[in-house]
Amino acid sequence: MDPMNYIVLATLLFAIGAAGVLLRRNAIIVFMCVELMLNACNLAFVAFARMHGDIEGQVIAFFVMVVAAAEVVVGLAIIMQIFRTRRSASLDDASLLKH
Amino acid sequence: MFLADNLPVVTENPPVLDWWLLAPLLTVFGAGVLAVLFEAFVPASRRRPLQIGVAALALLAAFAMVVLQAGSLPEGQVGTTVAAGALAVDRTVLFLQGTIALLALVSLLLISERRDGRDAFAAQAATVPGSEEERAHILAGSQHTEVYPLVLFAVLGMLMFPAANDFLTMFIALEVMSLPLYLLCGLARRRRLFSQEAAVKYFLLGAFSSAFFLFGAAMVYGYAGSVNFAEIRAAVDAGGAAIFQEGNGEPLLLLGIGLVAVGLLFKVGAVPFHNWKPDVYQGAPTPITALMASGTLVAAFGALLRVFFVPFGGSAGQWEPVLWIVAVLTMVAAAIVAVSQRDVKRLLAYSSVVHAGFILTAVVAGSSEGLAGAMFYLAAYGFTTVGAFAVVTLVRTKDGGQELGDLDRWSGLGRRHPALAGALTLFLLAFAGIPLTSGFVGKFAVFEAAVSAGATPLVVVGVLSSAVTAFFYMRIILVMFFRDPEADGPTVVRAGAATGGVIAIGVAATLLLGLYPGPVLDLLPPSGEEPAAAMADQAAGTG
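For the protein sequence lines, the chains are A and B, in the order given.
For the first sequence, this note's numbering gives the first residue as 1, with consecutive numbering after it.
For the second sequence, this note's numbering gives the first residue as 1001, with consecutive numbering after it.
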């Protein structure tokens, strides 16, 4: 199969993730959408690596996975904390910071 | 099926590492790891002085090594790359790294300041605000010395970000810088709801923008077949990698430049990606705001300059018009919104957005004068802004508790506390770009570069925007000096040695860089060359 199809798929996944971040209001869902975007990046890197006959893109995908895992640790800690304070993970409720 | 037959077999030897050139980064990293171990093994009573000592020593050592490296670069050679071309060590990078190390050191003073045994950070961040548990921790005098390792890791990312010479290293640096900052934002001792909200907003928007950055990097990788800046530059000149010989890879490159730019412009806080800045600056503990407003801005602009001048230097025609629009929007929109702000930290945040717009005019100039102007501006603005936030930490509510940011209640501050208000006035004049301050020299440098590159309309917008911002800086000065003190006015707590030192350093840097900018200007890249000539992207000589 033409690897370019995977690029199209990656772009679609990235767009779905970006739309989710902009449209959904639950912090956990928003965060999941960000992870979807990162995985779309991975798919694109691996597909391009195949097209170029190069391993660099595959190596990058591993790095991105590690970074995404670190991001989950930090992100869930922050979201957990605000959930325990407010009993809600809705981003619309968190709106004290306005002038 | 899984093993592609066209994949090369890797037989190369592992790259030779030049440890000396990596030493500043490794020192800060090592100190961060050591600090984590201290958290685990040193008794709580002895942790604080140890943590502060190690952090300060590491930052000082990193600064000293950066200076020595800059001194040992041979005359006429711009620099080199290390770790198989992953990091650049050249005069531009070293200047920015030195600036970041100093700014982090000054911010560290502010972070370590304690009043009545309490610093600016939550006694125990894991407790629910207002709970019995939280009160118990406050009474027991618990403290988060974890702040220091987090700061060290954030500074490591900041030092790496402008030096990164490929998109993978740059992405890692971006995350190493950002992840600790997300946490630090949520650790304020007072007004914890604001602080947590700032952390969530910063985290979600930051992660969103770094995903854009990464997807952009993937597109550029698809176009160029490499993420290394030197090879991307060569691929841009050649019209794409080998698989795009008919020139049909152009959309990938344009998409890549656009998405990478979104990620970087978010970090510098340019309009329309600036929305996080006021909320985060206001909600975060003020010492952390000072670190973000100075160090992160320098690092992010360093990376932005590198990305636009080195790998994408060959397609300047494509990105320059977009940056034009972003620069104009940033200078105009942020200045207008800033006028209606009532909180001093929000106002400083919008002011930081406007300054990002001024620096973008230097990027648009695309010349080595622009590069030099942007570098000077960053250094000058960094010290001034740390000083301004140090002043903010001292103005508190009547009971001496939380900071009082409401500008309407600052009336008469200058009559009761002339020294403090005088220092803030100097910082505000520097922000406004009044002659004899560092802000004037910086603004002059970036606008001059933009004019000589033919971007005169941009400079006209910049000057008009300066006039608008000068209006609201003047308003603060008028409120402080020409209005009678009110009964419910703020209390100014006595500056400790650390905070006093930060304000003094801010005043000294603002005046020195304004009156004698020569020695610093000499460190900047010479004019009349391509900006990329001041940035090493390939191993020159030994590497």
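Beta carbons: idealized from backbone N, C-alpha and C, even for Gly.
Asked, Found
"Within-8 Å CB hit, Asp-2 (chain A) to chain B", "no"
"Per-residue burial, Asn-39 (chain A) [other beta carbons within 10 Å of its own, 16 or more giving buried]", "buried"
"Closer than 8 Å to chain A by CB, Glu-1134 (chain B)", "no"
"Strand pairing of Ser-1527 (chain B), partner residues [DSSP]", "In DSSP, Ser-1527 (chain B) forms no bridge with anything."
"Chain-order list of residues whose beta-carbon lies under 6 Å from that of Tyr-1377 (chain B) (same chain, five-residue window excluded)", "Ile-1359, Gly-1442, Val-1446"
"Backbone secondary structure at Thr-1080 (chain B) - three-state DSSP", "strand"
"Any chain A beta carbon closer than 8 Å to Phe-1203 (chain B)", "yes"
"Buried versus exposed call for Val-1463 (chain B) [16 or more other C-beta atoms within 10 Å across all chains shown]", "exposed"
"Minimum C-alpha distance to Val-1339 (chain B) - residue among B:Glu-1448, B:Phe-1472, B:Ala-1290", "B:Phe-1472"
"C-beta contact flag for Leu-1424 (chain B) and Val-1363 (chain B) at 8 Å", "no"
"Neighbouring residues, chain A, relative to Phe-1472 (chain B) (Cβ below 8 Å)", "Within chain A, no residue comes near Phe-1472 (chain B); the closest Cβ sits about 13 Å away, beyond 8 Å."
"Assigned secondary structure, Ser-1545 (chain B) (DSSP; H/G/I helix, E/B strand, else coil)", "Residue 1545 (chain B) is absent from the model: chain B starts at 1001 and stops at 1543."
"Pair within 8 Å by beta-carbon distance, Ile-1232 (chain B) and Trp-1319 (chain B)", "no"
"Contact with chain B by Arg-84 (chain A), beta-carbon distance below 8 Å", "yes"
"Contact set for Val-1479 (chain B): own chain, Cβ-Cβ below 7 Å, skip 5 residues either direction", "Leu-1407, Trp-1410, Ser-1411"
"Any 3 or more C-beta pairs closer than 8 Å across the segment 1454–1462 of chain B and the segment 1334–1352 of chain B", "no"
"Where the beta strand (DSSP E) through Asp-1237 (chain B) begins and ends", "First-last for Asp-1237 (chain B): 1229–1238, but that is the alpha helix (DSSP H), not the beta strand (DSSP E)."
"Rounded C-alpha distance that separates Leu-1251 (chain B) from Gly-1496 (chain B)", "It should be noted that the sequence gives Pro, not Leu, for residue 1251 (chain B). Roughly 57 Å between the two C-alpha positions."
"Alpha helix (DSSP H) runs wholly inside the segment 1290–1354 of chain B, at least 4 long, in chain order", "1297–1309, 1316–1339"
"Beta-carbon neighbours of Gln-1196 (chain B), restricted to chain A and to distances below 7 Å", "Gln-81, Ile-82, Thr-85"
"Of the residues B:Gln-1196, B:Leu-1073, B:Pro-1321, the one placed nearest Asp-1279 (chain B), counting alpha carbons only", "B:Gln-1196"
"Buried versus exposed, by CB contacts within 10 Å (16 or more), Gly-1454 (chain B)", "exposed"
"Closer than 8 Å at the beta carbon, the chain B residues around Ala-27 (chain A)", "Val-1200, Leu-1204"
"Counted within 10 angstroms of its Cβ, other Cβ atoms place Arg-1046 (chain B) as buried (16 or more) or exposed", "exposed"
"Rounded separation between Leu-1025 (chain B) and Gly-1098 (chain B) - CA only", "12 Å"
"Which of helix, strand or coil DSSP assigns to Asn-26 (chain A)", "strand"
"Span of the alpha helix (DSSP H), counted from its first residue to its last, around Ala-77 (chain A)", "56–86"
"Ala-1154 (chain B) (DSSP reduced to helix, strand or coil)", "helix"
"Candidates B:Leu-1184, B:Leu-1513, B:Leu-1037, of which the one nearest Ile-78 (chain A) by Cα", "B:Leu-1184"
"Integer Cβ distance of Ala-982 (chain B) from Ala-1198 (chain B), believed to fall under 8 Å", "Past the edges of chain B, shown from 1001 to 1543, lies residue 982 (chain B), and the structure says nothing about it."
"Nonlocal neighbours in the same chain, by C-beta distance under 6 Å from Gly-1302 (chain B), ignoring five residues either side", "Leu-1096, Pro-1162"
"Neighbour flag for His-99 (chain A) against chain B, beta carbons, 8 Å", "With a pLDDT of 49 at His-99 (chain A), under the threshold of 50, the predicted position of this residue should be treated as unreliable, though the coordinate-derived value follows. Closer than 8 Å to some Cβ of chain B, the Cβ of His-99 (chain A) qualifies, so yes."
"For Ser-1210 (chain B), three-class secondary structure by DSSP", "helix"
"Short CB-CB distance (under 8 Å) between Ala-1083 (chain B) and chain A", "no"
"Three or more C-beta pairs below 8 Å linking the segment 1078–1090 of chain B and the segment 1141–1150 of chain B", "no"
"The segment 11–29 of chain A touching the segment 1177–1194 of chain B, judged by at least three CB pairs closer than 8 Å", "no"
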